[in-house]
Structures are given as structure tokens and as C-alpha cells.
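Beneath this line is the structure, given in C-alpha cells, with notes to follow.
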Amino acid sequence: MEATERHLRLLTETIAAVNSTLDLEEVLHLVATKVAHALEADACFVYLYDERSDELVLRATHGTPIDAMTRRPRMRPGEGITGSAAAERAPVMLPAKAHLDPRFKEFPNLREEQYESILAVPILAREKLAGALNVRTLRPREFRPEEIELLQAIADQVAQSIVHAQLYAQAQRRVAELEALAKISEAVSESLYLEESLEAIVKTTMDAVQATGAALVLEDGRIAWPEGRAGAYAVRTPLRWKRRQIGELVADKDAPFTDDERALLEAIAHHAAVALEHGRAVMRGVLAQEIHHRVKNNLQTVASLLRLQARAEDVDPREALEHSVNRILAIAAVHEALTEQREEDVELAELIDRLRAMLVQGLGSDREVAARLEQVSLAGNRATALALVFSELLQNALEHGEGAVQIELSRRDGDIVLAIADEGPGPDGSHVGTGLSIVRALVGDELHGTFELRSDGGTRAEVVFPA
Ligand SMILES: Nc1ncnc2c1ncn2[C@@H]1O[C@H](COP(=O)(O)OP(=O)(O)OP(=O)(O)O)[C@@H](O)[C@H]1O
Ligand SMILES: [Mg+2]
């Protein structure tokens, strides 16, 4: 059969095979296999041109494997024999001992010295360099002009298929990127809780770049939502907000990250930064609102305490004011504890001890005051009520009671018990003041508990309420 006919068949066969798929990796492997077969060569190497790095990157081989875990061999146009063909936009052919040619470029992870000949041609898509490919033979071989033409013809034909497959791959990546980003913004907009958003971001990152592991490192170095495991390769992408770095998105893989994956991580990191700041802003907004709400509540409590005090008859105004000051300071003590503890719950033992010191000093009392306090915590708003109750009862014990004062804070079958005892005979019922009415109101309405003032060989004021 006429050489030209055979070549035409080889050409059409190769094109048909290459055009049977749009998957870039498959297209490139088909090119390598089919070209080696068409040229009856022992090996074929297919390089793609990476415009960004101005490099020809080896993407597929037939005859000699590339060590998967190593960096892909790459050369600049004009470098190596194949690079020269790419730069000169023309075939380069060496019949034998190609590795001795001064242009020959050796790659540690690509065994080529066993090959004699090389025929390299550029892959041009509409005059633009898209890549290059070469065929090698183990024995010396003088490729004939029509074979060189055939290889160039195949290269010209597959150029389009490669460009289409590249465009398709780009489109797929963009879709994956948009899907990942859509998932993130959905998670961020749906959840009020920063934590949930962070978790969604890390999970989406894992899926989007097939990571072995991912995590967010926050500004204070805390690692948020670590997923999976460390890999051979890690990429740390900064989270930037208004030029300030507010964290890092860390992703691990067992294979090198591609430039596209790095670009996707950049995009995800940008969304993560927005989510983080957005979440914090919401939190700040929520917090600010909460704080104003609490301040309003407390000021209203103070106002009702003062109103209550103002209604009391035949009380010494100075003493009444002092008592009001102590009540307001009791409320302030709770918030001092809340700011220090950053938690929503208040450690009562600490609060009671703080109030005891404040009241003993405030009243200038020299009475012995002992305390036995168990570790109990209470939500902020109930702690305020308990602080007021405690300060009323301790004031009473110090002002109206006698002898040593004993403070107890303990748990009893799921309830919290606060008792203030002194050695005095207790109230003689002659005087009803504001203090005990405040105590009864708060214990009833805020703590949903019971209050008892018993006098048997000393006075014991006891408050019991559900924890
Ligand atoms: N531990 C106590 N020992 C003896 N008497 C007490 C004790 N606690 C309260 N009382 C008596 O009960 C009365 C009412 O107490 P309450 O706390 O309501 O008013 P107050 O302490 O007199 O003034 P304020 O309204 O400023 O507290 C007191 O005046 C006092 O006579
Ligand atoms: Mg009192």
C-alpha cells in the first residue's frame, strides 16, 4: 500500500482516537500511544506549553513512564531538542545518540539515555505554541521526510483536540470552583453561627481539591475545624480582610497541588475571609445588641430598686442611699465577673467572695465573716438576682445580726443552697424594710426558689433554688 495512503490512514485513525474524548489526560495519553504506533517508534513524549510559566511540561509518555510522585519534567522553548523544535516552530530530527547532542536536556526522573533517535515537532494551534511532541527509537533511525511530515500533520491535527480538551477542563474546573464557592456562601449565609460556616468551608475545601486534610488557622493561632490527615504536600493560603491577614486556610494532599487547585484555594480563602469577618460582624452586632439589652435591664433593675427604696418610710436617707449603692455595686460585681470570665455562666463562689469583701469593707464591719463555698456556676441574669439577694442578706446579718457570720453555698439534690447565718436572735418583726421584700421578690420571680429566715439559737437566712 502506497506510503501516503498508509500515512493518511494512520493520520485519520490517530485523529479519530484523539477526538473520541474531551478528557485532557486521556487525549494526551491517546496522542502518545497512537503517535508511537503510527510512527512505529519505541517511545513518544507529549509536552504541553504552559503560558504562565513559559514552559513545556511533559504530560504524557508512551514507552517510558514518568515517576508519578516527582515534579513533571519541563523545559523552556529553545531548551533541549524538543524545546528547540518548539522554539523554531519546525521539526528536529537526530537519527542516533540523541543524548550526546549539546541541546539534549537530561531529567533525573526520566530515563532516556537508552534511546538513539529522536524526531521532535511543535504542536501549534492557530500559530500559537500549544506544546510539542517527540518520538524515540531504541535503535538508530533516520526518519524519512514523509514520516516527519506525518508526525507534523498529526501534531497539527491534535493541536485542536488538545485545545478543546484544555478548554473543557478549564470549564469543568470553573464549574467545580463555582460549585464549591456556592456551597460556601450558602453555608455562610444560612448559618448564623460562625462555627458552622467554618466547618462548611473546611469540608468544601476537602472536596474541592481532593485534600487528605484541611483546617482553618485563626488569627490567634487556634486551629479551627481540622479535618482528615496531613499529606505529603501542604498549601497554606492566607485569609485577607482589608489587607489584614486574619487567618490561613491549610490544605494537605499526597500529590503536588496544581496551579488550578491553588487558584481555587485562593478563591475559597477569599470567601472564608468574608465569612469569618461577616460572622464576626454578626456576632459583634448580636453581642452589641445583647449588651445594650442587658444594660437596659440592669438600669431598669437599679431604677426599680431605687423606687422601692424611695417608698420606704422613716429610714435614714444616708443609710438608704448607702444600701442602694451596695445594691448597684452587687449588680456591677456580676458584670465584672462576666467580663473576666468571658463565659455566659458566672462562678458563684468567686462572685459571693467578691461581694463579701466589698460589703464588709463598704459597711466598715469588723465582724468575723466565714464562708464555705462550693464551685457552682449560674447563668448571668440569674447570677445578678442571686448577687442582689446575697448582698441584702449579708447586709442584714452585718447590720442587724450578731456574732460571727457564716456563709454557705452548696448543692443539695440538684438545687443550689445559699445560707447566711449569724449568732443573733433574728428579726423581732418590729421593722419591715426594703431588703427582705427585694429578696422575696427575686427568689420568687427570678430564681424560682424558696426563702426562709429561721431563728433558732442564731439566725439563718436560707435560699434554695433549682440549679
Ligand atoms: N439577720 C438578721 N438579724 C436580725 N434582724 C434582722 C436580720 N435580718 C433582718 N432583720 C430584721 O428585719 C428587718 C427588715 O430587714 P430588711 O432588710 O427588709 O430591712 P432593713 O435591713 O431594715 O433595711 P433595708 O431595707 O435597707 O434592708 C430589719 O430591720 C431587721 O430588724
Ligand atoms: Mg436589710
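Anchor point for the sequence shown: position 273 equals 272 in numbering that gives the first Met the number 0, and the numbering is continuous, going up by one each time.
No residue lacks a Cβ here, since even glycine has one placed at the ideal position from N, Cα and C.
Quick caveat: nothing in here was measured; it's all calculated off a predicted structure.
Tell me, please, which residues DSSP counts as bridged to Y232. Here residue 232 is taken as the residue at index 233 of the sequence shown, counted from 1. Note: Y232 sits in a beta bridge opposite K252.
Euclidean distance between Cα positions of L177 and A268: Your numbering for residue 177 matches position 178 in the sequence shown. Your numbering for residue 268 matches position 269 in the sequence shown. Spanning the two alpha carbons is a distance of roughly 14 angstroms.
Using DSSP's beta-bridge definition, name the partner residues of Q244. Translated into positions along the sequence shown, residue 244 becomes position 245. Answer is R239.
A31 to F44 span [Cα, whole Å]: Your numbering for residue 31 matches position 32 in the sequence shown. Your numbering for residue 44 matches position 45 in the sequence shown. Going from the Cα of A31 to the Cα of F44 covers about 6 angstroms.
If you run the structure through DSSP and keep just helix, strand and coil, what is N18? If you number the sequence shown from 1, residue 18 lands on position 19. In the structure shown, N18 falls within a coil segment according to DSSP collapsed to helix, strand and coil.
Can you tell me the Cα-Cα spacing of T433 and R306, whole angstroms? Residue numbering aside, residue 433 sits at position 434 when the sequence shown is read from its first letter. Residue numbering aside, residue 306 sits at position 307 when the sequence shown is read from its first letter. If I take the Cα positions, the gap works out to 10 angstroms.
Helix, strand or coil at G212 according to DSSP, with G and I counted as helix: The residue labelled residue 212 in the question sits at position 213 within the sequence shown. If DSSP states are grouped into helix, strand and coil, G212 belongs with the strands.
Could you have a look at S436 and say whether DSSP puts it in helix, strand or coil? Here residue 436 refers to the residue found at position 437 when the sequence shown is read from its first residue. Looking at S436 - three-state DSSP - the assignment turns out to be helix.
Considering just the uninterrupted stretch of the alpha helix (DSSP H) at L263, what are its terminal residues? For the purposes of this step, residue 263 is taken as residue 264 along the sequence shown, with counting starting at 1. It spans 258-310 - the alpha helix (DSSP H) in which L263 sits, taken as one unbroken run.
Which residue from L123, P94, Q169 puts its Cα closest to that of S134? By one-based count along the sequence shown, residue 134 stands at place 135. The question names Ser, but residue 134 in the sequence shown is Val. Ranking L123, P94, Q169 by Cα distance to V134 puts P94 first.
Applying the 10 Å Cβ sphere with the 16-neighbour rule, what's the burial state of T11? For the purposes of this step, residue 11 is taken as residue 12 along the sequence shown, with counting starting at 1. Exposed, because fewer than 16 other Cβ atoms sit within 10 Å of the Cβ of T11.
What does DSSP give as the partner residue(s) for S116 in the beta ladder? Numbered from its first residue, the sequence shown carries residue 116 at position 117. DSSP output for S116 lists T136 as bridge partner(s).
Residues near H98 in its chain [Cβ-Cβ closer than 8 angstroms; skip 5 each side]: Mapped onto the sequence shown, residue 98 falls at position 99. Closer than 8 angstroms at the Cβ level, and outside the excluded window around H98, lie E105, E111, E112, Y114.
Take D49 as the anchor and find which of P64, R73, L29, L38 has the nearest alpha-carbon. For the purposes of this step, residue 49 is taken as residue 50 along the sequence shown, with counting starting at 1. Looking at the Cα atoms, R73 is the closest of the given residues.
Is there contact between the region 153-161 and the region 120-134, where contact requires at least three CB pairs shorter than 8 angstroms? yes
So which residues touch the region around ligand 2, with touch meaning a C-beta under 6 angstroms from any heavy atom? E391, Q394, N395, G432, G434
Starting from P465, trace the beta strand (DSSP E) both ways and give me its first and last residue. To locate residue 465, count along the sequence shown from 1; it is residue 466. 458-465 is the extent of the beta strand (DSSP E) around P465.
What residues are listed by DSSP as bridge partners for H334? If you number the sequence shown from 1, residue 334 lands on position 335. Its beta-bridge partners do not exist; DSSP assigns none.
Are there any heavy atoms of ligand 1 lying less than 8 angstroms away from the beta-carbon of E318, as far as the coordinates show? By 1-based counting over the sequence shown, the position of residue 318 is 319. Yes, Cβ of E318 sits closer than 8 angstroms to a heavy atom of ligand 1.
Going by alpha carbons, who is nearest to A473 out of V34, A356, G284, E198? As displayed, the chain neither begins before 0 nor continues past 466, which places residue 473 out of reach and without an answer.
Check for me: the beta strand (DSSP E) holding P144 runs from which residue to which? As a first step, residue 144 must be located in the sequence shown, where it is residue number 145. Premise fails: P144 lies in the alpha helix (DSSP H), 144-189, not in any beta strand (DSSP E).
If you drop the 5 nearest sequence neighbours on each side, which residues of the same chain put their C-beta closer than 6 angstroms to that of A86? In the sequence shown, the residue the question calls residue 86 occupies position 87. These residues qualify, in order along the chain: P76, G77.
Confirm the yes/no value for this check: CB of H277, any heavy atom of ligand 1, distance under 8 angstroms. Along the sequence shown, read from residue 1 onward, the residue named residue 277 stands at position 278. False, no ligand heavy atom lies under 8 angstroms from that Cβ.
Whole-angstrom distance between T81 and V91, CA atom to CA atom: If you number the sequence shown from 1, residue 91 lands on position 92. If you number the sequence shown from 1, residue 81 lands on position 82. Computed Cα separation, rounded: 7 angstroms.
Please name the residue or residues paired with I406 in a DSSP beta bridge. On the sequence shown, residue 406 is found 407 positions in, with the first residue counted as 1. According to DSSP, which records beta bridges pairwise, I406 is partnered with A370, I419.
Counterpart residues of K127 in DSSP-defined beta bridges: Numbered from 1 along the sequence shown, position 128 holds the residue referred to as residue 127. DSSP lists A124 as partners of K127.
Near ligand 1: Q405 beta-carbon under 8 angstroms from a heavy atom: In the sequence shown, the residue the question calls residue 405 occupies position 406. No, ligand 1 has no heavy atom inside 8 angstroms of this Cβ.
Compute every distance between the C-beta of V455 and the non-hydrogen atoms of ligand 1, then say whether any falls below 8 angstroms. Taking the first residue of the sequence shown as 1, we reach residue 455 at position 456. Correcting the residue identity first, residue 455 is Asp in this sequence and not Val. Taking the Cβ of D455 as the reference point, every heavy atom of ligand 1 lies at 8 angstroms or farther away.
Let me make sure I understand the geometry here. Which of E391, Q288, S52, A331 has the alpha-carbon closest to that of S436? Here the question's residue 436 lines up with position 437 in the sequence shown. Minimum Cα distance to S436 is reached at E391.
So the alpha helix (DSSP H) T203 belongs to, where does it begin and stop? Taking the first residue of the sequence shown as position 1, residue 203 is located at position 204. Segment 193-207, the alpha helix (DSSP H) holding T203.
Limits of the alpha helix (DSSP H) - the one that D53 falls within: Position 54 of the sequence shown, counted from the first residue, corresponds to residue 53. Careful: D53 lies outside any alpha helix (DSSP H) and carries neither H nor E.
Return yes when the Cβ of N108 is within less than 9 angstroms of the Cβ of R70, no when it is not. Numbered from its first residue, the sequence shown carries residue 70 at position 71. Numbered from its first residue, the sequence shown carries residue 108 at position 109. Cβ atoms of R70 and N108: closer than 9 angstroms.
Closer than 8 angstroms: G425 CB and nearest ligand 1 heavy atom: One-based indexing of the sequence shown puts residue 425 at position 426. The answer is yes for G425.
How long is the line joining the alpha carbons of I14 and Q156, rounded to whole angstroms? Walking along the sequence shown from the start, residue 14 turns up at place 15. Walking along the sequence shown from the start, residue 156 turns up at place 157. Near 7 angstroms, if we compare the C-alpha coordinates of Q156 and I14.
On a CA-only basis, which of L377, A272, N325, L372 is nearest L215? Give me that one, please. Taking the sequence shown and counting its residues from 1, the one referred to as residue 215 is at position 216. Proximity to L215 across L377, A272, N325, L372 peaks at A272, based on C-alpha coordinates.
Looking at V281 and ligand 1, is the gap between the Cβ and the nearest heavy atom below 8 angstroms? Reading the sequence shown from its first residue, position 282 is the one you call residue 281. False, no ligand heavy atom lies under 8 angstroms from that Cβ.
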